[in-house]
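Trainee:
Protein chains: 4
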Amino acid sequence: MIAIVVGTNRKNSVSRQVANYYSQILDQKGAENRIVDLVDIPDDFVGTALYENNGRNESFNTLREKVQSSDKIVFIVPEYNGSFPGILKAFIDGLKYPEGVRDKKGALIGVSSGVQGGVLAMAHLTDILNYLGMNVLALKPKLAGIESNFTDGKVTNDLYNQLLNDQANRLIEF
Amino acid sequence: MIAIVVGTNRKNSVSRQVANYYSQILDQKGAENRIVDLVDIPDDFVGTALYENNGRNESFNTLREKVQSSDKIVFIVPEYNGSFPGILKAFIDGLKYPEGVRDKKGALIGVSSGVQGGVLAMAHLTDILNYLGMNVLALKPKLAGIESNFTDGKVTNDLYNQLLNDQANRLIEF
Amino acid sequence: MIAIVVGTNRKNSVSRQVANYYSQILDQKGAENRIVDLVDIPDDFVGTALYENNGRNESFNTLREKVQSSDKIVFIVPEYNGSFPGILKAFIDGLKYPEGVRDKKGALIGVSSGVQGGVLAMAHLTDILNYLGMNVLALKPKLAGIESNFTDGKVTNDLYNQLLNDQANRLIEF
Amino acid sequence: MIAIVVGTNRKNSVSRQVANYYSQILDQKGAENRIVDLVDIPDDFVGTALYENNGRNESFNTLREKVQSSDKIVFIVPEYNGSFPGILKAFIDGLKYPEGVRDKKGALIGVSSGVQGGVLAMAHLTDILNYLGMNVLALKPKLAGIESNFTDGKVTNDLYNQLLNDQANRLIEF
Chain Y
1 MIAIVVGTNR KNSVSRQVAN YYSQILDQKG AENRIVDLVD IPDDFVGTAL YENNGRNESF
61 NTLREKVQSS DKIVFIVPEY NGSFPGILKA FIDGLKYPEG VRDKKGALIG VSSGVQGGVL
121 AMAHLTDILN YLGMNVLALK PKLAGIESNF TDGKVTNDLY NQLLNDQANR LIEF
Chain L
1001 MIAIVVGTNR KNSVSRQVAN YYSQILDQKG AENRIVDLVD IPDDFVGTAL YENNGRNESF
1061 NTLREKVQSS DKIVFIVPEY NGSFPGILKA FIDGLKYPEG VRDKKGALIG VSSGVQGGVL
1121 AMAHLTDILN YLGMNVLALK PKLAGIESNF TDGKVTNDLY NQLLNDQANR LIEF
Chain E
2001 MIAIVVGTNR KNSVSRQVAN YYSQILDQKG AENRIVDLVD IPDDFVGTAL YENNGRNESF
2061 NTLREKVQSS DKIVFIVPEY NGSFPGILKA FIDGLKYPEG VRDKKGALIG VSSGVQGGVL
2121 AMAHLTDILN YLGMNVLALK PKLAGIESNF TDGKVTNDLY NQLLNDQANR LIEF
Chain G
3001 MIAIVVGTNR KNSVSRQVAN YYSQILDQKG AENRIVDLVD IPDDFVGTAL YENNGRNESF
3061 NTLREKVQSS DKIVFIVPEY NGSFPGILKA FIDGLKYPEG VRDKKGALIG VSSGVQGGVL
3121 AMAHLTDILN YLGMNVLALK PKLAGIESNF TDGKVTNDLY NQLLNDQANR LIEF
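Here's what the structure looks like:
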């Protein structure tokens, strides 16, 4: 099972749409998958699901369990303030430790309005996931200028599509 | 005015104690300062103070204003899951954009139980603060093994004390 | 005195041309400066100027002295293999330790053919320079797609010019 | 075939000794391996084997071919000036592009006299190797304080030995 994590709790995010698209790519390849959208995170989780409260928020537990019980995890990583949204790291901070993502396989996709495509965000996230014991695929597509390369639920940029397909194939074999 | 940000919302955190200690160092040097402890962040701020809700949570605004109206900011950065706590980035994500930390001066102090002293956490944070336009002091003390180097509200390690004093002097002149 | 380091030993590099242009910007602002082009590095310096041979290669010493005797240093950083050229770090490895760049002020400019503008290269370099005690300006212009934004010795992109001028002003006041 | 790259051209380096030790670990597991020590790099390679001269230095080619013809590569990464030695990146810059390390599997081991164990060096190197298409194992042992944990050609620290063995097993299966 592959979990696709939408790395922001913004409502109706572009990242969610990219996740939907990636889910279709995996479907076409016959790879079972499900989306975990951080928009579903309980608003108060930073006070009820971290540190000494880790594991005590049932609603948060339901969300994290979808990640923890998957053996491969795709992160849709929107660039925000020069890195990824803090909420994504806070979500990771709320996972079961140490087994949360340990020994799982990860794939990262950067999304940005600007030209960077989340390159620094994905570098930071790779450091964190590696630290936690998750192997991360080298191929991390950078979907820069997403607004002009995504229409009607589909990535319209040929290079981007090639990279996403290539990555999905590699993840399935990883 | 120097704001000292405690980079976690953990209750009774070691980072808070380090902040208290650093505040005394600044006091002794005659530098006006105040502590902003993320333990005071509203539990639901990720749902009420980010993105389209930026600026709409009065309680969060009070907290961020203490940072935004300071011209120098010290970040006490506990190492957590190979970087800093997600809550710290989420707090930064909730600042007024783009003027939140732009053109301010920053100083970082890493804190860890283990041997790293938050080196990677501070590298990530420097990337983010630089991106947002904050100049960050090169000297970033790494307080590794904090439990055995901090007693009764004081840092007991001579090297650490020397680095903290040196940094405080530099920040005042920065 | 401001040293402008061309961060590659490639002959007739674009980075050198950017350095020439930046030198003119500084000239116009009345800031004394000189260019240190790594193309002038002795070919055998990795065997004659590092580790136990540090300081023993006169030709290398002449080059490094231009950097070490400057109080502000600009690095023109071409993106190469996802970071900066190894030669730049090897040059830094050959500086006098620990005073090489310690307590100096630095400014970074990324240059790339592609869309990244050296963002990761500059993040890595900032880590290294900060480690060595150099304060680095937050503003680090990313000159992506340099071939189409640089003609006849001049940057033709208005935003790039604005950023370079802004950075130069800040460096002079830093 | 697994290549073990000694990431410095320092003579009689500790990294070389760690490479010898790792080679024995792989031998015991029946995994064919060979050491590529950057001490054997031609002193003038930065002038004769990079950019337009890529592939033209036969002596350098012999060295790089040992890496390029291996499908798994271990990097022994000594911490130097807050990252890895510039020579290591310069060596990578001299590899055949783009196939040098693309689609190969990598494992990193940090070595330092100090307490960091090369954590930042390995983060930078991971960025570069991932950029070039090499998948890197999450487990990256940090051999801090190497002088007091390595005697008579052997790592004497139990935790370090456990990590190195664990990593070697994972690399063989990677």
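As you go down the protein sequences, you meet chains Y, L, E and G in turn. If you count the first sequence from 1, position 102 lands on 102 in our numbering, and the numbers rise without skipping. So the mapping is simple: our numbering equals the position in the second sequence, first residue as 1, plus 1000. So the mapping is simple: our numbering equals the position in the third sequence, first residue as 1, plus 2000. So the mapping is simple: our numbering equals the position in the fourth sequence, first residue as 1, plus 3000. Every residue, glycine too, gets a C-beta built ideally from N, C-alpha and C. Every value quoted in this text rests on a predicted model; they were computed, and no experiment measured them.
1. Pick helix, strand or coil for E:Tyr2080, following the three-state DSSP scheme.
2. To the nearest angstrom, how far is the alpha carbon of E:Phe2060 from that of L:Ala1144?
3. With DSSP run on the structure shown, which of helix, strand or coil describes L:Ala1003?
4. Could you tell me the alpha carbon to alpha carbon distance between G:Asp3027 and Y:Asn53, rounded to whole angstroms?
5. To the nearest angstrom, how far is it from the Cα of E:Gly2086 to the Cα of E:Ser2013?
6. For Y:Val115, which residues in chain E fall below 7 angstroms Cβ to Cβ?
7. With 8 angstroms set as the bound, which would you pick, yes or no: does the beta-carbon of L:Asp1063 sit closer than that to a beta-carbon of chain Y?
8. In terms of residue numbering, what span does the alpha helix (DSSP H) encompassing Y:Val182 cover?
9. Indicate the three-state DSSP secondary structure (helix, strand or coil) for L:Gly1106 in the structure shown.
10. Quick check: the region 3092-3107 of chain G against the region 1097-1111 of chain L, are at least 3 beta-carbon pairs closer than 8 angstroms?
11. Between which two residues does the beta strand (DSSP E) harbouring G:Asp3037 extend?
12. Using the three-state DSSP reduction, which class does G:Lys3066 fall into: helix, strand or coil?
13. Start and end of the alpha helix (DSSP H) containing Y:Gln167?
14. Mind checking if E:Asp2043 is an interface residue toward chain L, Cβ cutoff 8 angstroms exclusive?
15. Alpha carbons only, please: which of L:Ile1109, L:Gly1106, L:Val1005, L:Ala1049 is nearest the one belonging to L:Gly1094?
16. Check the Cβ-Cβ distances between L:Val1119 and every residue of chain G, and say whether any is below 8 angstroms.
17. For G:Thr3048, name the three-state secondary structure that DSSP assigns.
18. Does the CB of G:Ala3123 have a neighbour CB from chain L at under 8 angstroms?
19. Go ahead and label L:Leu1108 buried or exposed: buried means 16 or more other beta carbons lie within 10 angstroms of its beta carbon, across all protein chains shown.
20. Which residues in the same chain have their Cβ closer than 7 angstroms to the Cβ of L:Tyr1160, if we skip the five residues on either side of it in sequence?
21. Who are the Cβ neighbours of Y:Tyr21 in its own chain at under 7 angstroms, not counting the five residues just before and after it?
22. Beta carbon of L:Leu1139, beta carbon of L:Asp1166: below 8 angstroms?
23. Report the CB separation of Y:Ile92 from Y:Ile128 in whole angstroms; it is logged as a contact under 8 angstroms.
24. Go ahead and pull the three-state DSSP assignment for G:Thr3008.
25. Kindly say whether E:Gly2030, judged by its beta-carbon, lies nearer than 8 angstroms to any beta-carbon of chain L.
26. Against E:Ile2127, what residues of chain L qualify as contacts under a CB-to-CB distance less than 7 angstroms, listed in chain order?
27. Give a yes or no on whether the C-beta atoms belonging to Y:Val111 and Y:Glu79 are separated by under 8 angstroms.
28. Taking 8 angstroms as the threshold (C-beta atoms), are E:Val2046 and G:Val3046 in contact?
29. Going by alpha carbons, who is nearest to E:Val2005 out of E:Phe2075, E:Leu2063, E:Ser2083, E:Lys2011?
30. Buried or exposed: where does G:Met3122 fall if 16 or more other Cβ atoms within 10 Å of its Cβ makes it buried?
31. Report the option in E:Arg2170, E:Gln2162, E:Ser2113, E:Leu2137 whose CA atom is closest to the CA atom of E:Glu2147.
32. Can you tell me whether G:Asn3135 is helix, strand or coil according to DSSP?
33. Less than 8 angstroms between CB atoms is the rule here; does L:Arg1034 satisfy it with respect to chain Y?
34. Can you tell me whether DSSP reads G:Ile3073 as helix, strand or coil?
35. So L:Met1134 contacts chain C; which residues on that side make the cut at Cβ distance below 9 angstroms?
Mentor: Looking at the atomic coordinates:
1. DSSP places E:Tyr2080 in the strand class (E or B) of the three-state scheme.
2. When rounded, the distance between both Cα atoms is 37 angstroms.
3. Three-state result, L:Ala1003: strand.
4. Answer to the nearest angstrom: the Cα atoms are 46 angstroms apart.
5. Per the coordinates, the alpha-carbon of E:Gly2086 lies some 15 angstroms from the alpha-carbon of E:Ser2013.
6. The answer, in chain order, is Val2115, Ala2144.
7. As written in the sequence, residue 1063 of chain L is Leu, which differs from the Asp given in the question. Closer than 8 angstroms to the CB of L:Leu1063 there is not a single CB belonging to chain Y.
8. Past the edges of chain Y, shown from 1 to 174, lies residue 182 of chain Y, and the structure says nothing about it.
9. Three-state result, L:Gly1106: strand.
10. Judged by Cβ distances under 8 angstroms, the region 1097-1111 of chain L makes no contact with the region 3092-3107 of chain G, as fewer than three pairs qualify.
11. Residues 3033-3037.
12. Looking at G:Lys3066 - three-state DSSP - the assignment turns out to be helix.
13. Looking at the DSSP string, the run of the alpha helix (DSSP H) that includes Y:Gln167 is 158-173.
14. Not a single CB atom of chain L sits nearer than 8 angstroms to the CB of E:Asp2043.
15. Taking the Cα of L:Gly1094 as reference, the smallest distance to any Cα among L:Ile1109, L:Gly1106, L:Val1005, L:Ala1049 is reached at L:Ala1049.
16. Under the Cβ criterion of 8 angstroms, L:Val1119 is counted among the residues facing chain G.
17. Per DSSP, reduced to three states, the secondary structure at G:Thr3048 is helical.
18. Closer than 8 angstroms: yes.
19. The residue is buried, with at least 16 neighbouring Cβ atoms inside 10 Å.
20. Here the set comprises Pro1141, Leu1143, Asn1149.
21. Correct list, in chain order: Gly153, Lys154, Val155.
22. Going by beta carbons, L:Leu1139 and L:Asp1166 fall inside the 8 angstroms limit.
23. Their Cβ separation, rounded to whole angstroms, is 7 angstroms, which keeps Y:Ile92 and Y:Ile128 in contact under 8 angstroms.
24. Looking at G:Thr3008 - three-state DSSP - the assignment turns out to be coil, as it is neither helix nor strand.
25. Among the CB atoms of chain L, none fall inside 8 angstroms of the CB of E:Gly2030.
26. Reading off the sequence, residue 2127 of chain E comes out as Asp, not Ile. Result: Ala1123.
27. Yes.
28. Taking 8 angstroms as the Cβ cut-off, G:Val3046 and E:Val2046 qualify as a contacting pair.
29. Nearest option by C-alpha distance: E:Phe2075.
30. By the Cβ-count criterion, G:Met3122 is buried, with 16 or more other Cβ atoms from all chains shown falling within 10 Å of its own Cβ.
31. Answer by Cα proximity: E:Ser2113.
32. DSSP places G:Asn3135 in strand when its eight states are reduced to three.
33. For L:Arg1034, the nearest beta carbon of chain Y is not closer than 8 angstroms to its own beta carbon.
34. If DSSP states are grouped into helix, strand and coil, G:Ile3073 belongs with the strands.
35. Here the protein chains are Y, L, E and G, and chain C is not one of them.
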